[in-house]
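Comments concern the structure below.
Number of protein chains: 2
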Amino acid sequence: MKLGAVMEEEIIFQKTISYLLARVTTAYKTVLERHMGLIGLHAGQVFLLLELWHEDGLRQVDLARRLSLAAPTVSKMIKGLVEINLVEIEREDGDGRSTRVYLTDQGHAMRDDVNAQWLELETNYLADLNETERLILPELLTKLRKAYTGAVDAEED
Amino acid sequence: MKLGAVMEEEIIFQKTISYLLARVTTAYKTVLERHMGLIGLHAGQVFLLLELWHEDGLRQVDLARRLSLAAPTVSKMIKGLVEINLVEIEREDGDGRSTRVYLTDQGHAMRDDVNAQWLELETNYLADLNETERLILPELLTKLRKAYTGAVDAEED
DNA sequence: CATATTTAGTTAGCTGGCTGATCTTTTAAT
DNA sequence: ATTAAAAGATCAGCCAGCTAACTAAATATG
Numbered sequence: 001m002k003l004g005a006v007m008e009e010e011i012i013f014q015k016t017i018s019y020l021l022a023r024v025t026t027a028y029k030t031v032l033e034r035h036m037g038l039i040g041l042h043a044g045q046v047f048l049l050l051e052l053w054h055e056d057g058l059r060q061v062d063l064a065r066r067l068s069l070a071a072p073t074v075s076k077m078i079k080g081l082v083e084i085n086l087v088e089i090e091r092e093d094g095d096g097r098s099t100r101v102y103l104t105d106q107g108h109a110m111r112d113d114v115n116a117q118w119l120e121l122e123t124n125y126l127a128d129l130n131e132t133e134r135l136i137l138p139e140l141l142t143k144l145r146k147a148y149t150g151a152v153d154a155e156e157d
Numbered sequence: 158m159k160l161g162a163v164m165e166e167e168i169i170f171q172k173t174i175s176y177l178l179a180r181v182t183t184a185y186k187t188v189l190e191r192h193m194g195l196i197g198l199h200a201g202q203v204f205l206l207l208e209l210w211h212e213d214g215l216r217q218v219d220l221a222r223r224l225s226l227a228a229p230t231v232s233k234m235i236k237g238l239v240e241i242n243l244v245e246i247e248r249e250d251g252d253g254r255s256t257r258v259y260l261t262d263q264g265h266a267m268r269d270d271v272n273a274q275w276l277e278l279e280t281n282y283l284a285d286l287n288e289t290e291r292l293i294l295p296e297l298l299t300k301l302r303k304a305y306t307g308a309v310d311a312e313e314d
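Residue numbers (our numbering), protein chains in the order written: chain R, 1 to 157; chain Z, 158 to 314.
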């Protein structure tokens, strides 16, 4: 009775990878934000810090590129991080346009907390994945990321 | 010279599924928003419309549950959809608290546009996936969604 | 019947993304 | 040297999410 022909179109829609991805995406972001909130950070800040832990003193434009984010987004994030004293900014000597972003001591100190929280995220929510899935997923996700960051404008006119 | 022992920790971080998922998430959301913008919609509105095409006249709380969204989020989305005349709201007769959301003619009419755009999304960005991946991904994504929507508070005190 | 609790929605205010416009500084071109 | 173009950063304003706090209606409870 409920399997009328009317439903077919919608079912297709909801079975697309794009749809499923959207649902995962939304749910995941909320969880991530909540988890990082436990250590006083916002999700976006974590990724920015990660890049700085990797290489301190980057310019904003470098961060934007590495994180695949727009410049204003990075600008606002840094503002937030400066306010809670995790990073400092400094005008570049050679180039008056650039601002370099440096970790403060507190910024460095957050690393263990973030790692711990990250580990929890990974273990708490992904416990149900079997070994095969754990192997495949990284590849698939990487593939997806490349698809969405790389071929943004690849559509017919 | 650059491959010091210092880097090891960070590399682990960036190989976690959580990290990769975050990157996909951000990239995908931007693409999705851009694509739906081509037909005058925002990403969130599309999902709400989808539910209404499935079953018209839902209450906001129903929509929130089905979409796994918070009530204020749905409230704002509906506001936007009302403004562009895709849905109308109507106070429930039996229950003065509820508002039911109904598609307008224009709301119904968007369906083809959305489907078309959705198809493009699916074909343009996921062309590189092979058949195996196309089979596995839906399962994996569904699994992830359940993990992130279901076990939100499953952590030690 | 009166009061307390639950439920549905809204408002306010936050971060995370974006685009578009603006400003300053550099660099390129004439 | 002057002007034009490019690059780095910011500001304003938008939507998608959220939480917290609130109103109003419905239901429980006494």
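A virtual CB, placed ideally from N, CA and C, is assigned to each residue, including glycine.
Rank the options by C-alpha distance to the C-alpha of residue i and give the top, closest one.
i                : options                                   : result
Leu177 (chain Z) : R:Asn124, R:Lys15, R:Tyr28 and R:Phe13    : R:Tyr28
Asp262 (chain Z) : Z:Ile241, Z:Glu249 and Z:Asn281           : Z:Ile241
Trp275 (chain Z) : Z:Arg180, Z:Ala179, Z:Ile196 and Z:Lys172 : Z:Ile196
Val239 (chain Z) : Z:Gly264, Z:Arg180 and Z:Glu296           : Z:Gly264
Gly37 (chain R)  : R:Ala147, R:Ala109, R:Val114 and R:Pro72  : R:Val114
Ile111 (chain R) : R:Lys15, R:Thr30, R:His54 and R:Val24     : The amino acid at residue 111 (chain R) is misidentified as Ile; the sequence shows Arg. Comparing Cα-Cα distances from Arg111 (chain R) to each of R:Lys15, R:Thr30, R:His54 and R:Val24, the minimum goes to R:His54.
Glu92 (chain R)  : R:Arg134, R:Arg23 and R:Leu58             : R:Leu58
Do residue i and residue j have their CB atoms nearer than 8 Å?
i                : j                : result
Gln60 (chain R)  : Thr99 (chain R)  : yes
Leu141 (chain R) : Ile174 (chain Z) : yes
Leu283 (chain Z) : Val244 (chain Z) : no
Thr132 (chain R) : Ser68 (chain R)  : no
Asp219 (chain Z) : Leu260 (chain Z) : no
Val74 (chain R)  : Ile89 (chain R)  : no
Phe13 (chain R)  : Leu286 (chain Z) : no
Lys146 (chain R) : Pro295 (chain Z) : no
Per DSSP, which residues does residue i bridge with? Please list them.
i               : result
Glu90 (chain R) : R:Arg100
Leu58 (chain R) : R:Val101
Leaving out five residues before and five after residue i in sequence, what residues of the same chain have Cβ atoms less than 7 Å from its Cβ?
i                : result
Met77 (chain R)  : Gly44, Gln45 and Leu48
Arg66 (chain R)  : Glu51
Ala266 (chain Z) : none
Ala116 (chain R) : none
Ignore the nearest five residues each way along the sequence and tell me which others in residue i's own chain have a CB closer than 6 Å to its CB.
i                : result
Leu189 (chain Z) : Ala200
Leu278 (chain Z) : His192
Asn281 (chain Z) : none
Pro229 (chain Z) : none
Among the residues of its own chain, which have a CB less than 8 Å from the CB of residue i, if the five just before and after it don't count?
i                : result
Ala227 (chain Z) : Ala221
Gly237 (chain Z) : His199 and Gln202
Glu135 (chain R) : Looking at the sequence shown, residue 135 (chain R) is not Glu but Leu. Correct list: empty, nothing qualifies.
Gly94 (chain R)  : none
*asked:* Output needed in chain order: residues of the segment 169 to 186 of chain Z with a Cβ under 9 Å from some Cβ in chain R.
replied: Here the close residues are Ile169, Phe170, Gln171, Lys172, Thr173, Ile174, Ser175, Tyr176, Leu177, Leu178, Ala179, Arg180, Val181, Thr182, Thr183, Ala184, Tyr185 and Lys186.
*asked:* Tell me which residues of the segment 58 to 69 of chain R have at least one Cβ-Cβ distance to chain Z shorter than 9 Å, keeping chain order.
replied: Of all residues in the segment 58 to 69 of chain R, those with a C-beta nearer than 9 Å to a C-beta of chain Z are Leu67, Ser68 and Leu69, reading in chain order.
*asked:* Give me the subset of the segment 285 to 300 of chain Z whose CB atoms are less than 8 Å from a CB atom of chain R, sorted by chain position.
replied: Contact annotation: in the segment 285 to 300 of chain Z, residues whose CB is within less than 8 Å of a CB in chain R are Asp285, Leu286, Glu290, Arg291, Ile293, Leu294, Pro295, Leu297, Leu298, Thr299 and Lys300.
*Contact residues within the segment 268 to 286 of chain Z, judged by C-beta distance below 9 Å to chain R*: Listed in sequence order: Arg268, Val271, Asn272, Trp275, Leu276, Glu277, Leu278, Glu279, Asn281, Tyr282, Leu283, Ala284, Asp285 and Leu286.
_Give me the subset of the segment 244 to 269 of chain Z whose CB atoms are less than 7 Å from a CB atom of chain R, sorted by chain position._
For the segment 244 to 269 of chain Z, which is checked against every Cβ of chain R, not one residue is closer than 7 Å.
*Report the residues of the segment 46 to 58 of chain R with a CB closer than 8 Å to any CB of chain Z, ordered along the chain.*
Hits within the stretch, in order: Phe47, Leu50, Trp53 and His54.
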